[in-house]
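Student: Here it is: the structure, laid out below.
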Amino acid sequence: MEVVMDSSLRRLVNRRLEWLEMTKDQVSDWNAGTTRRRDRLSALPNTVLSRILSKMPMDSVVRTSILSKRWSNLWKHTQGVDFHSLPFSDNQADYSPITRCLDLLLSPQIIKFAAVGHVSERSNPDVVRWVNFALSKNVRQLTIGLMSVSLARRFFQLPESLFSNRSKTLEHLVLSFVDFTPPRPSQPIAASVFSSLKLLVLTHCKLADATVDLCLRKCGLLEELVINMCEGLKNVNISGPNLRLISFRCLEDSDDGEFRSIRVDAPLVGNLVYSGDLTKFYLNNCPVLQILLLQGREEPMNEAYTVHVRELIDQIRHVNTMILNFAVVEFVAKEYYTRGIPFQTFQNLTHVFWYGPLKSPNAVYNLVAFLGDCPSLIEVAVDFREESGAVFCQCISEGHVADEYEEGESSQRNPYEGGNLEKLEIAEVRCFSGFKGEMLLVRLLLEKAVNLRKLWLFWRLGDLSVMHDNVLQDITKSGYPQQLSDTIQEEANSIIATILDFRKASPRARIKFGQEWRIESW
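Residue numbers (full-length UniProt numbering): 1 to 522.
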C-alpha cells in the first residue's frame with residue numbers, strides 16, 4: 001500500500017516535535033487544550049505510521065523516538081532511509097551517527113536509500129558500507145549523491161556487491177562522483193545483475209565504454225538513462241528496446257580527453273537530451289522521438305561539420321518540442337538564409353525553447369526566421385541567460401548594466417528573413433532588460449505572430465534566483481542611491497511604453513511583464 005504523506009499528517013508530526021521543546025508549564029497548557037481532542041496521528045496503526053516516516057528525512061525520523069513510549073522504536077521500522085544532508089567539515093567529517101542509525105534499523109526491507117551531500121577533500125564517506133546495507137535490505141531505489149568540493153576530481157569506490165546478484169531488486173540507481181567500474185571487468189557478471197533496473201543516473205562519475213555496454217545488456221527493463229559529465233568515455237553506444245528517455249552531457253572541451261562519439265539507437269525513445277559537440281553525436285532509428293534538447297558548441301563550419309549536421313537534422317525532423325541554442329540556427333542560417341532559401345524541415349514542431357546568446361541583429365532575424373519556418377509552432381520561450389548572466393548585458397561594480405549587443409559589419413542581415421508566425425499563440429522572453437537586441441526580438445514577434453494571444457516579458461535582475469515584477473524593487477533592496485533607482489525606474493517605464501506602441505499583427509495580443517517564470521510547459 002502506497003501512503004502519501006499529505007500536509008495534514010506532516011503538521012501532526014511536526015506538532016509532536018514542537019512539543020519536545022516546550023517548558024513544563026507550556027506542556028501542561030498544551031495538554032489541557034488537547035485532552036478532549038482526538039489524536040488522529042496516534043490513532044493510526046503502526047504499519048501506516050512507518051510508511052509515513054518513510055517519506056521523511058532521517059534526522060526528523062529519529063527525533064520522533066522521544067515523542068512517547070510507542071514511538072521509541074517505531075522509527076526503526078521505516079522503509080525509507082533518507083540522509084539528504086550529510087555531515088560536512090573542511091577536515092574529516094564524522095559519519096558515525098549514520099553508521100549507528102543503520103545498525104539500529106530493524107526493517108527487513110528498505111524501499112529507498114539516499115545519502116546526499118557535499119564532501120570535502122579530507123572526508124571519506126563510508127560508501128561501501130552504505131551500499132552494502134541498502135542491498136542487504138533488498139533496496140529498490142538507491143541514491144548516492146556525493147558532491148565533491150575539492151579542486152581535483154574524487155571518485156569514491158563502490159562495493160563488489162553492486163555488481164552481483166544482490167542488485168537484482170534495484171529499480172532506480174542514482175550515483176555521482178563514484179567509480180562505476182566492475183571490480184573484475186574481465187570476469188563474467190551474474191545474469192540477474194540490474195535485471196529490474198528502470199532508471200540509471202550517472203553524473204560526474206568515472207565510467208568506461210565497456211561498463212555502459214554491460215549495463216545496457218543487463219538492464220533489459222531500463223527506461224531512463226542519464227550520463228552527465230562523466231570521465232573516461234571514448235566511443236559510447238546507447239541502445240535498448242525499452243529506453244524512453246536518454247540524456248547525455250559531455251565534459252567541457254578542456255576535459256573531453258579522448259571522447260570521440262556517442263551513437264544512439266533506441267526505437268522507443270521519446271525524450272532525448274544531448275549537450276556537446278554536434279559532430280560527435282550520431283542518431284539512428286528513433287522514430288517516436290518527440291522532445292529533444294540539443295545544445296551544441298562553437299565549432300568551425302567546414303564541409304565535414306555541414307554534412308554531419310545535415311544528416312543529424314534529417315533524423316530529428318519529426319520532433320514536436322525542441323530546446324536548442326545557437327548551433328542549429330547558425331547552421332540553418334549559413335546553409336539556407338544566406339542564400340535566400342527557406343528552411344522547411346521541422347513541419348511538426350509545436351514548442352521551441354531557445355537558451356543562450358543573440359548578440360547581433362542578424363542573430364535575432366535568424367531566430368525569428370527559423371521560428372517562422374516552423375508552420376505548426378504554437379509556443380516559444382526565449383531565455384537570455386548564460387552562466388555569466390544575461391547575454392545582452394553585463395553587470396559592473398557600480399551596479400549599472402551595459403549592453404553587449406553589436407551592430408557591426410558582421411551583423412549584416414541575410415536575404416531571407418522568414419514569413420509570418422501563423423499559429424504562434426504564446427511567447428515568453430525571460431531575463432529581459434530592454435536592450436536593443438531584446439527590443440528587436442519583441443518587435444518582430446509582435447509584427448509576425450498573427451494569432452498571438454500572450455507575450456510574457458520577465459525582467460532580468462541582479463539576482464536571478466529572486467524575481468520581482470518591478471526593476472526598482474531589486475535596485476532599492478541592493479542599497480543603490482535613490483537617484484540611480486529613479487533613473488532605472490524611468491528607463492523601465494520608457495521600455496514598457498515603447499513596447500506597448502509596437503505594431504501588433506494580432507488584435508488579441510496581450511503583453512504582460514512578470515516576475516515568476518512559467519516553466520511547467522518545459
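Even glycine gets a Cβ: it sits at the ideal position worked out from N, Cα and C.
By the 10 Å Cβ neighbour count, where 16 or more other Cβ atoms means buried, how is SER96 classified, buried or exposed?
Tutor: When all chains shown are included, SER96 counts as exposed.
Student: Please report the distance separating the alpha-carbon of ASN285 from that of LYS234.
Tutor: Cα to Cα, ASN285 sits roughly 22 Å from LYS234.
Student: Please report the residue range of the beta strand (DSSP E) in which ASP456 lies.
Tutor: The sequence shown places Trp at residue 456, not Asp. First-last of the beta strand (DSSP E) with TRP456: 454 to 459.
Student: Have a look at VAL429, VAL61, VAL212 and flag the residue whose alpha-carbon is nearest the alpha-carbon of ILE98.
Tutor: Comparing Cα-Cα distances from ILE98 to each of VAL429, VAL61, VAL212, the minimum goes to VAL61.
Student: Given LYS76, which residues of its chain have a CB within under 6 Å of its CB, disregarding the five upstream and five downstream residues?
Tutor: Closer than 6 Å at Cβ, skipping near neighbours: LEU104, LEU105, LEU106.
Student: When burial is assigned at 16 or more other CB atoms within 10 Å of the CB, is ALA449 buried or exposed?
Tutor: By the neighbour-count rule (16 or more Cβ atoms within 10 Å), ALA449 is buried.
Student: Roughly how far, in whole angstroms, is the beta-carbon of PHE155 from the beta-carbon of VAL178, given that I think they are within contact range, below 8 Å?
Tutor: At roughly 6 Å, the Cβ-Cβ gap stays under 8 Å, so PHE155 and VAL178 are in contact.
Student: Looking at ALA208: is its Cβ nearer than 8 Å to the Cβ of SER239?
Tutor: Their beta carbons are not under 8 Å apart, which means ALA208 does not touch SER239 by this criterion.
Student: Under three-state DSSP, which class holds ARG503?
Tutor: Looking at ARG503 - three-state DSSP - the assignment turns out to be coil, as it is neither helix nor strand.
Student: Considering only the beta carbon of each residue, do LEU199 and MET229 sit closer than 8 Å?
Tutor: Going by C-beta atoms, LEU199 is not nearer than 8 Å to MET229.
Student: Between VAL429 and LEU457, which are expected to be in contact by the criterion C-beta below 8 Å, what is the C-beta distance as a whole number of angstroms?
Tutor: With a Cβ gap of about 5 Å, VAL429 and LEU457 count as contacting.
Student: Do you know how far the Cα of ARG63 is from the Cα of PHE513?
Tutor: Answer to the nearest angstrom: the Cα atoms are 46 Å apart.
Student: Check VAL48 in the structure and name its three-state DSSP category.
Tutor: Of the three classes helix, strand and coil, the one that applies to VAL48 here is helix, per DSSP.
Student: With a 10 Å radius around its C-beta and 16 neighbouring C-beta atoms as the bar for buried, classify ASP314 as buried or exposed.
Tutor: It counts as exposed.
Student: In terms of DSSP beta bridges, what is GLN344 paired with?
Tutor: Looking at the DSSP assignment, GLN344 forms no beta bridge with any residue, so it has no partner.
Student: Unbroken beta strand (DSSP E) runs of length 3 or more, entirely within the stretch 119 to 197: which are they?
Tutor: List check, beta strand (DSSP E) in window: 141 to 148, 172 to 176.
Student: Cutting at 7 Å between CB atoms, please list the residues of its own chain near TRP71, excluding the five before and the five after it.
Tutor: Contacts found: THR64, SER65.
Student: Can you tell me the Cβ-Cβ gap for GLN157 and VAL127, rounded? I've got them flagged as a contact below 8 Å.
Tutor: Indeed, because the Cβ distance is near 7 Å, the residues count as touching under 8 Å.
Student: Ignore the nearest five residues each way along the sequence and tell me which others in PHE343's own chain have a CB closer than 6 Å to its CB.
Tutor: Same-chain partners within the cutoff: VAL332, TYR336, ASP373.
Student: Whole angstroms is fine: what's the gap from HIS172's alpha carbon to GLN141's?
Tutor: Approximately 5 Å, taken between the alpha carbons.
Student: Looking at the unbroken alpha helix (DSSP H) that takes in CYS215, where does it start and where does it end?
Tutor: Its alpha helix (DSSP H) spans residues 209 to 218.
Student: Per the DSSP calculation, ASN235 is bridged to which residue(s)?
Tutor: According to DSSP, which records beta bridges pairwise, ASN235 is partnered with SER261.
Student: Please classify ILE110: is it buried, with 16 or more other beta-carbons within 10 angstroms of its beta-carbon, or exposed?
Tutor: With 16 or more other Cβ atoms within 10 Å, it is buried.
Student: Assuming LYS69 is part of the alpha helix (DSSP H), what are its boundary residues?
Tutor: Counting along the chain, LYS69 falls outside any alpha helix (DSSP H), and DSSP gives it neither H nor E.
Student: Taking Cβ positions, are SER136 and LYS168 nearer each other than 8 Å?
Tutor: Cβ distance not < 8 Å, so SER136 and LYS168 don't count as in contact.
Student: Mind reading off the beta-carbon distance from LEU272 to GLN295? Whole number of angstroms is fine, and I expect it under 8 Å.
Tutor: So it is not a contact: roughly 12 Å between Cβ atoms.
Student: Excluding sequence positions up to five away, which residues of its chain have a Cβ less than 7 Å from the Cβ of SER89?
Tutor: Closer than 7 Å at Cβ, skipping near neighbours: SER120, SER123.
Student: What is the DSSP secondary structure of SER60, reduced to helix, strand or coil?
Tutor: In this structure, SER60 counts as helix in the three-state DSSP scheme.
Student: Would you call the CB atoms of VAL269 and SER247 closer than 8 Å?
Tutor: The answer is no: Cβ separation not under 8 Å.
Student: Nearest to PRO87 by CA position, among SER50, PRO57, LYS69, PRO125, is which residue?
Tutor: Comparing Cα positions, the closest option is PRO125.
Student: Along the alpha helix (DSSP H) that carries residue 550, what are the first and last residues, could you check?
Tutor: Nothing can be reported for residue 550, as the shown portion of the chain is limited to 1 through 522.
Student: Under DSSP, the alpha helix (DSSP H) around SER54 begins and ends at which residues?
Tutor: Careful: SER54 lies outside any alpha helix (DSSP H) and carries neither H nor E.
Student: Put ALA114 into one of helix, strand or coil per three-state DSSP.
Tutor: Of the three classes helix, strand and coil, the one that applies to ALA114 here is strand, per DSSP.
Student: Within its chain, find whatever has a CB closer than 8 Å to the CB of PRO287; leave out the 5 residues flanking it on each side and keep chain order.
Tutor: Closer than 8 Å at the Cβ level, and outside the excluded window around PRO287, lie PRO267, HIS318.
Student: To the nearest angstrom, how far is the alpha carbon of VAL81 from that of LEU49?
Tutor: Approximately 15 Å, taken between the alpha carbons.
Student: On the three-state DSSP scale, how would you describe ALA266?
Tutor: Here ALA266 sits in coil by DSSP.
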